[in-house]
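In our numbering, the protein residues as written are 637 to 778.
Put into structure tokens, the structure is as follows:
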């Protein structure tokens, strides 16, 4: 029962449900994709994703500075049934605005050096030094 309580606790938040909705429609998303799409801070996005990860609903993959998440393909039977049911429920919701924000962000993101870029194509001051250095090198080549 404790296991189910952890799963339902992870699902008991609108932001986490939006994250799952996006992941059910996309193979894999980076933390920055959630930050830009949902308009939340990186720490808040990571915290919400960690709830879903701790409930064994998501898997993560690290690539350098970036962390990518996807729906876990190795879920047990109960989790798989719950995610399938949730997928059907979310399919009946109008997620046009949410998907539009993600699509818009992904188009901007492909024009930058990765996830550290803001919508204006500038590296935030809070970005790690390595990212700022990469951005400066990229701008110097232009």
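Ideal placement from N, C-alpha and C gives every residue a C-beta, glycine not left out. None of the values given here were measured: they were computed from a predicted structure.
Note to self: Restricting to runs no shorter than 4 residues, where is the alpha helix (DSSP H) found entirely within the region 697–758?
What the structure shows: 713–727, 732–745
Next item on the list: On the DSSP bridge assignment, give the partners of residue 695 in chain order.
Entry: What you label residue 695 is simply residue 59 of the chain shown in a count that begins at 1. Answer is 706, bridged to residue 695.
Notebook entry, point to check: Can the beta-carbon of residue 671 be found closer than 9 Å to that of residue 705?
Noted result: As a position in the chain shown, residue 671 is number 35, starting the count at 1. As a position in the chain shown, residue 705 is number 69, starting the count at 1. The criterion of a C-beta distance shorter than 9 Å is not satisfied by residue 671 and residue 705.
Check: Terminal residues of the continuous alpha helix (DSSP H) containing residue 669?
Finding: By one-based count along the chain shown, residue 669 stands at place 33. Where residue 669 is concerned, the enclosing alpha helix (DSSP H) stretches over 667–674.
Check: Are the Cβ atoms of residue 708 and residue 693 separated by less than 9 Å?
Finding: Your numbering for residue 708 matches position 72 in the chain shown. Your numbering for residue 693 matches position 57 in the chain shown. For residue 708 and residue 693, yes; Cβs fall inside 9 Å.
Next item on the list: Please list, in chain order, all residues of the same chain as residue 663 whose beta carbon is under 7 Å from its beta carbon, the five residues on each side excluded.
Entry: Along the chain shown, read from residue 1 onward, the residue named residue 663 stands at position 27. Answer for residue 663: 706, listed in chain order.
Note to self: Only counting the same chain, and skipping five residues up and downstream in sequence, which positions put a Cβ closer than 7 Å to that of residue 689?
What the structure shows: Translated into the one-based positions of the chain shown, residue 689 becomes position 53. So the qualifying residues of the chain are 696.
Checklist line | Local Cβ density within 10 Å of residue 724, reported as buried at 16 or more and exposed below that | finding: One-based indexing of the chain shown puts residue 724 at position 88. Result: exposed.
Item checked: Contact set for residue 715: own chain, Cβ-Cβ below 7 Å, skip 5 residues either direction -> One-based indexing of the chain shown puts residue 715 at position 79. If we look at residue 715 and ignore the five residues flanking it on each side, its Cβ neighbours are 643, 692, 693.
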